[in-house]
Each structure stands twice: as structure tokens, then as C-alpha cells.
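Undergrad: Quick one: the structure is below, and I'll ask about it shortly.
Residue numbers (my numbering): 2 to 267.
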């Protein structure tokens, strides 16, 4: 008899099997805890597909008089994502200088800056939109502030990690000859980290294009608010057209920013 040769080491096979068993057990426990019955989805599958095929499909265009407003809301969404990311990136750059122990003139306070950023980042933009909605009301101001807060917190952590990877030789040599903090930033940090900063900035634009649509649905303005108005009016066929338009916009922006990141990181 030919002896079978295992393609995976026995220890790795046991590890993978253990992970699979743990995942199945975790799924079973969570479904029991939440009273979620997967069979409900199977039983209601016909109702779901009939809703999709009868109410959503085929997509329909809004009235001719409403089409300019839809495209205008798309431009508002793009403007919200771009403006909030830009302002957040500028603020995050200056704050992140104090969040890196290698760069900050106050190294002991760096962990508090990172902790503050972590706290803000762990609150989703949608939650910020709900919080701001009660004080600012419906409008683009809510979307801008909500996206700006989450982008600010995200880029602080991203910029800090980028600066932490910079070699200390250049910074220490400038510090040894008496260079001031702004001079060390301009001569050592910016030249070494600029490409990384720009790459994270472009990535954050991608994220905010998607997030601005969700934030808009709860009062943040833009295409999300337009989409939600058609859903509330039970015009799901028109809502599907707007969803497809948003998907096309996201794909185009993703491709453009991905290409720019490739050029920056060369």
C-alpha cells in the first residue's frame, strides 16, 4: 500500500480543526443567546425574493424634474467626503506629532493623545450623526462634522504609526545639532512620511465616500438623504437606481484613489 503524504503538518491540521470547532461552537452559542433561528431565513426566502423582484426590480428613473437634484446630491456627497477628509487630515497631522513618542516634544503625553484618538475612532460616524442631529438638525453640517471626527481619529493613529516606522538616526542627528521641533518635523518627518500620509489620506477618502451615504440617510445631507426619502415613499425601484449610481461612484473613486496610491508608493 502506498503511504499517503499529508500536505499539511499534523500540528497545523489540529490547529485548523480546533479553530473550526471553536467557530461552530461560537456560532451556536451566539444564535442561542440572540434567539436567532437560521431556518427563519430559509422559510422566508420566497417572500424575500418576491420583494426584490417585484418591488426593487427593475430599476426606474425618477421624474425628469428630479434627476438634476439626484446628481446634485451625489456631488454634495463627494464634496462632504473630500472636505471632511481634508480638514481632518490637516488637524490629524498636527495632533499626531504629539502622539508619537519618537517625535513629540512631550513623549510622556503621547499615550494620552493615542488614547483620545482611539476613543473617538471607536464611535462610528453613524452614532456621531445621531448625536449631532439633535443639536445641528438635518443638513450637511451634521454629515461634515460626523465624518470629520471619525476621519480625524483614524488618521491620527495612521499618521502616528507611519512616524513610528521612521528611522531615528535623522531625527536624533538634527536634535544633536540643536534643531528645533518645527525644524525636525520639516527636515526629517515630512520627507520620510509624506508618501505614507498621502496614501492614508486617499484611503480615508474611499472610506468616507461610503460612510457619507450612510450618514446622509440619518440627516447628514447628500445622496443618502435623497435615497432615504424614496425608501420612505416606498419607491424602491427609484431607490435601486440611486443605489446603483452610488455603487458606480464608489467604484470609480476606489479605482482612482487606488491608482494614485500605487503611484505614490512607487
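For glycine and all other residues, C-beta sits at the position ideal for the given N, C-alpha and C.
Computed from a predicted structure; not experimentally measured.
If you compare alpha carbons, which of 259, 238, 232 and 217 is closest to residue 79?
TA: As a working mapping, residue 79 is identified with position 78 in the chain shown. With distances taken between Cα atoms, residue 79 lies closest to 217.
Undergrad: Could you tell me which whole beta strand (DSSP E) segments of length 3 or greater appear in the stretch 213-239?
TA: none
Undergrad: Relative to the C-alpha of residue 73, which candidate in 247, 219, 48 and 199 has its C-alpha closest?
TA: As a working note, residue 73 is residue 72 in the chain shown. Of the candidates 247, 219, 48 and 199, the one whose C-alpha sits nearest the C-alpha of residue 73 is 247.
Undergrad: Between the stretch 47-57 and the stretch 150-166, do three or more beta carbon pairs fall short of 8 Å?
TA: no
Undergrad: Buried or exposed for residue 256, going by 16 or more other Cβ atoms inside 10 Å?
TA: Position 255 of the chain shown, counting from 1, holds the residue named residue 256. The residue is exposed, with fewer than 16 neighbouring Cβ atoms inside 10 Å.
Undergrad: If you compare alpha carbons, which of 118, 64, 136 and 39 is closest to residue 152?
TA: Taking the chain shown and counting its residues from 1, one reaches residue 152 at position 151. If you compare the alpha carbons of 118, 64, 136 and 39 with that of residue 152, the shortest gap goes to 118.
Undergrad: Roughly how far, in whole angstroms, is the beta-carbon of residue 206 from the beta-carbon of residue 258, given that I think they are within contact range, below 8 Å?
TA: Stepping through the chain shown from its first residue, residue 206 is reached at position 205. Stepping through the chain shown from its first residue, residue 258 is reached at position 257. Going by Cβ atoms, the distance from residue 206 to residue 258 rounds to 6 Å, so yes, they are a contact pair.
Undergrad: Residue ranges of each alpha helix (DSSP H) run of no fewer than 4 residues wholly in the stretch 105-139, ordered along the chain?
TA: 111-122 and 126-137
Undergrad: Classify residue 102 as helix, strand or coil using the three-state DSSP reduction.
TA: Here the question's residue 102 lines up with position 101 in the chain shown. Under the three-state reduction of DSSP output, residue 102 falls in the coil class, being neither helix nor strand.
Undergrad: Might you give, ordered along the chain, the residues of its own chain that have their beta carbon closer than 6 Å to the beta carbon of residue 97, omitting 5 neighbours on each side?
TA: If you number the chain shown from 1, residue 97 lands on position 96. 157, 160 and 161, listed in sequence order.
Undergrad: For the alpha helix (DSSP H) that residue 189 lies in, which residues bound it at each end?
TA: Residue numbering aside, residue 189 sits at position 188 when the chain shown is read from its first letter. Taken as a continuous stretch (DSSP letters only), residue 189 belongs to no alpha helix (DSSP H), as it is neither H nor E.
Undergrad: Is the stretch 185-196 close to the stretch 131-141, with three or more CB pairs under 8 Å?
TA: no
Undergrad: Which runs of the alpha helix (DSSP H) fall wholly inside the stretch 19-106 and span at least 4 residues, in chain order?
TA: 39-44, 46-52 and 68-97
Undergrad: Our contact map puts residue 243 next to residue 224 with C-beta atoms below 8 Å; I'd like the distance itself, whole angstroms only.
TA: Taking the first residue of the chain shown as 1, we reach residue 243 at position 242. Taking the first residue of the chain shown as 1, we reach residue 224 at position 223. Contact holds; Cβ gap of about 7 Å.
Undergrad: Compare the Cα-Cα distances from residue 185 to each of 109, 121 and 103 and report the closest residue.
TA: Position 184 of the chain shown holds residue 185. The option with the nearest alpha carbon to residue 185 is 103.
Undergrad: Closest by CA to residue 61, which one among 15, 238, 154 and 263?
TA: Within the chain shown, residue 61 is the residue found at index 60, counting from 1. The candidate whose alpha carbon is nearest that of residue 61 is 238.
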